[in-house]
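Novice:
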Ligand SMILES: C[S@@+](CC[C@H](N)C(=O)[O-])C[C@H]1O[C@@H](n2cnc3c(N)ncnc32)[C@H](O)[C@@H]1O
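Residue numbers (our numbering): 88 to 301.
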């Protein structure tokens, strides 16, 4: 939860970074009007950050786990150079009617392939090595996503995991049935000890862990 000072600072930041294109503004509004749990969408600050990461890393192939309304997918694709491709996976087939038209009509439609299905089932059989993965699916499965993605990532490739501070709940002792907090905490502990990768956590929004395969 943001307090009043955080909100003022966020307003200040948003006034001093690149604007969100009109198309993304409209998608963000439509997400809030028509979908359950609209807070899952990345939004202005994280969206610009994702685009900037893509511009810095210069990946040819990006994997995204968890498309939802398509907001982060469009931002990631915006950063891609000509010939680059984002492969984005959404497990919830009820999401397709909303998301597919938003992706297909977007200015970066030619850089996005949208798949409906479980990334854990579909990605291992793809004949693609990814240079960047954005992991934003089920918080209980982060370690499974991580191992699956690491096997499909180029050496020196990056994995960005979203929500790794889980609104600060990582500091608490989770209730027995709070499987999302338990999942995120296990993931953070797992990554902290993994010598195959370099890692930092950015306290942006809900926490972003940036992981580099050595
Ligand atoms: C937090 S939302 C994604 C938000 C989006 N990346 C953004 O930033 O705008 C998480 C999404 O992941 C989907 N998801 C969960 N498990 C998945 C899996 N195994 N494969 C693909 N999608 C999954 C959920 O249905 C949900 O729509």
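Yeah, the Cβ is synthetic: ideal placement off N, Cα and C, and Gly gets one too.
(1) Counting along the chain, where does the alpha helix (DSSP H) carrying residue 271 start and finish?
(2) Between 278, 110 and 270, which lies nearest to residue 189 when the distance is taken from Cα to Cα?
(3) Taking DSSP as the reference, what is the three-state secondary structure of residue 183?
(4) Taking 7 Å as the cut-off, decide whether the C-beta atoms of residue 270 and residue 226 are in contact.
(5) Given residue 237, which residues of its chain have a CB within under 8 Å of its CB, disregarding the five upstream and five downstream residues?
(6) Could you tell me the distance, in whole angstroms, from the CA atom of residue 200 to the CA atom of residue 121?
(7) So residue 142 is in the alpha helix (DSSP H); what residue range does that whole segment cover?
(8) Assuming residue 166 contacts residue 142 (C-beta within less than 8 Å), just tell me the rounded distance between them.
(9) Can you tell me where the beta strand (DSSP E) with residue 292 in it begins and where it stops?
(10) Might you give, ordered along the chain, the residues of its own chain that have their beta carbon closer than 6 Å to the beta carbon of residue 206, omitting 5 neighbours on each side?
(11) Does the Cβ-Cβ distance between residue 155 and residue 127 come in under 7 Å?
(12) By the DSSP assignment, the beta strand (DSSP E) with residue 155 in it spans what residues?
(13) Please report the straight-line C-alpha distance between residue 131 and residue 280, rounded to a whole angstrom.
(14) At which residue ranges does the stretch 196-261 contain complete beta strand (DSSP E) runs of 3 or more residues, listed in the order of the chain?
(15) Mind checking which residues open and close the alpha helix (DSSP H) that includes residue 173?
(16) If you run the structure through DSSP and keep just helix, strand and coil, what is residue 286?
(17) Taking all protein chains shown into account, do 16 or more other C-beta atoms lie within 10 angstroms of the C-beta of residue 112, making it buried, or fewer, making it exposed?
(18) Using only the alpha-carbon positions, how far apart do residue 255 and residue 89 sit?
(19) Checking 7 Å against the spacing of the C-beta atoms, do residue 223 and residue 249 come in under that value?
(20) Quick check: does the Cβ of residue 277 come within less than 6 Å of any heavy atom belonging to ligand 2?
(21) Please report how far the alpha carbon of residue 218 lies from the alpha carbon of residue 289, in whole angstroms.
(22) State the DSSP-derived secondary structure class of residue 300, mapped to helix, strand or coil.
Specialist: The relevant details are as follows:
(1) Its alpha helix (DSSP H) spans residues 266-280.
(2) Closest option to residue 189, Cα to Cα, is 110.
(3) Assigned with DSSP and collapsed to three states, residue 183 falls in helix.
(4) Residue 226 sits close to residue 270, with the two beta carbons spaced by under 7 Å.
(5) Here residue 237 has 246, 283, 284 and 300 as same chain residues with Cβ atoms under 8 Å from its own Cβ, once five neighbours each way along the sequence are excluded.
(6) A straight line joining the alpha-carbon of residue 200 with that of residue 121 spans about 23 Å.
(7) Run containing residue 142: 131-144, per the alpha helix (DSSP H) assignment.
(8) Their Cβ separation, rounded to whole angstroms, is 5 Å, which keeps residue 166 and residue 142 in contact under 8 Å.
(9) It is not in any beta strand (DSSP E) - residue 292 carries neither H nor E in the DSSP assignment.
(10) Listed in chain order, the non-local C-beta contacts of residue 206 below 6 Å within the same chain comprise 152 and 176, local neighbours out to five positions each way being set aside.
(11) Yes, they are a contact pair.
(12) Per DSSP, residue 155 belongs to no beta strand (DSSP E) and is neither H nor E.
(13) Here the alpha carbons of residue 280 and residue 131 stand approximately 33 Å from one another.
(14) Correct list: 199-203, 217-222 and 240-249.
(15) Looking at the DSSP string, residue 173 is not in any alpha helix (DSSP H); the run it does join, the beta strand (DSSP E), is 172-177.
(16) DSSP, read as helix, strand or coil, puts residue 286 in strand.
(17) With fewer than 16 other Cβ atoms within 10 Å, it is exposed.
(18) Using only the alpha carbons, I get a separation of about 11 Å.
(19) Closer than 7 Å, so yes.
(20) Ligand 2 is absent from the structure shown, which contains only ligand 1.
(21) Each residue's CA atom was taken as its position, placing residue 218 and residue 289 some 20 Å apart.
(22) Residue 300: strand per DSSP, three-state reduction.
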